[in-house]
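Adding 26 to a residue's 1-based position in the sequence shown gives its number in the working numbering.
We put the beta carbon where it would ideally sit given N, CA and C, even for glycine.
In what follows, a structure is listed as structure tokens, so that the remarks can point back to it.
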Amino acid sequence: MTKNIVILISGAGTNMRAIAEAARIGRWEQRHGARIAAVISNKDEAAGLAYAREQGIATAVVRHRDFATREAFDEQLAAAIDVHAPALVVLAGFMRILTVGFVERYAGRLINVHPSLLPAFPGLDTHQRAIDAGCKFAGVTVHQVTAQLDHGPILAQAVVPVLPQDTAPALAARVQSQEHLVYPSAIERLLAA
Numbered sequence: 027m028t029k030n031i032v033i034l035i036s037g038a039g040t041n042m043r044a045i046a047e048a049a050r051i052g053r054w055e056q057r058h059g060a061r062i063a064a065v066i067s068n069k070d071e072a073a074g075l076a077y078a079r080e081q082g083i084a085t086a087v088v089r090h091r092d093f094a095t096r097e098a099f100d101e102q103l104a105a106a107i108d109v110h111a112p113a114l115v116v117l118a119g120f121m122r123i124l125t126v127g128f129v130e131r132y133a134g135r136l137i138n139v140h141p142s143l144l145p146a147f148p149g150l151d152t153h154q155r156a157i158d159a160g161c162k163f164a165g166v167t168v169h170q171v172t173a174q175l176d177h178g179p180i181l182a183q184a185v186v187p188v189l190p191q192d193t194a195p196a197l198a199a200r201v202q203s204q205e206h207l208v209y210p211s212a213i214e215r216l217l218a219a
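Rendered as structure tokens:
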């Protein structure tokens, strides 16, 4: 039975691209029986959708603005995901806080990448917060998603030094380069388990 992966994005989808490339190069379908079944976005204009289509990956859009409540959006999003019978639901720059019901529906199958060394700096503005706190190191965390924002069990981390002259954008670029390595690697380990 194929292990379907559904990736959720909100923008450029750089992590989704890194995952798709790792899946192709690493022959995930042949080696792990896994494939990226769909890329779903909450925004029509998400640039990552065009890339997914070019790769022959099914795409869908469920616009959060079309729903009066988070619950209604999450229910429609789950319906779009469930069409693909996912073994894993991968958040890759999906900029929506998900409801407890959604998280519970995919418990153990829902993973995220966060641009800090959790448990430090959950939420937004992680790079500037790390610089302001005087951190010598920042990084990236791949974790299982739980109802508590950015606090699920850690699957993988990568450390990035904070340089004396760093700005938030410079640090973000270095952290993102590590995201593109550690996220596909963590997913492959889950598939191989």
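With a cutoff of 7 Å on beta-carbon distance, G160 and L143 are scored as not near each other.
Below 8 Å, enough C-beta pairs join the stretch 36-51 and the stretch 63-81 to call them touching: three or more. Distance between K162 and H169, taken at the CA atoms: about 22 Å. H140 carries a strand assignment under DSSP once its states are collapsed to helix, strand and coil. P179 is bridged by DSSP to nothing; it lacks a bridge partner.
Counting along the chain, V201 sits inside no beta strand (DSSP E); it lies in the alpha helix (DSSP H) bounded by residues 194-218. Burial state of M42 is buried, judged by a 10 Å Cβ sphere holding 16 or more other Cβ atoms. The closest CA to that of Q183, considering only A199, E97, Q174, L207, is found on L207. The straight-line gap separating the alpha-carbon atoms of L217 and A48 is approximately 13 Å. In the structure shown, H169 adopts extended strand secondary structure according to DSSP, grouped into three states. With distances taken between CA atoms, V126 lies nearest to L136 out of A78, S211, L136.
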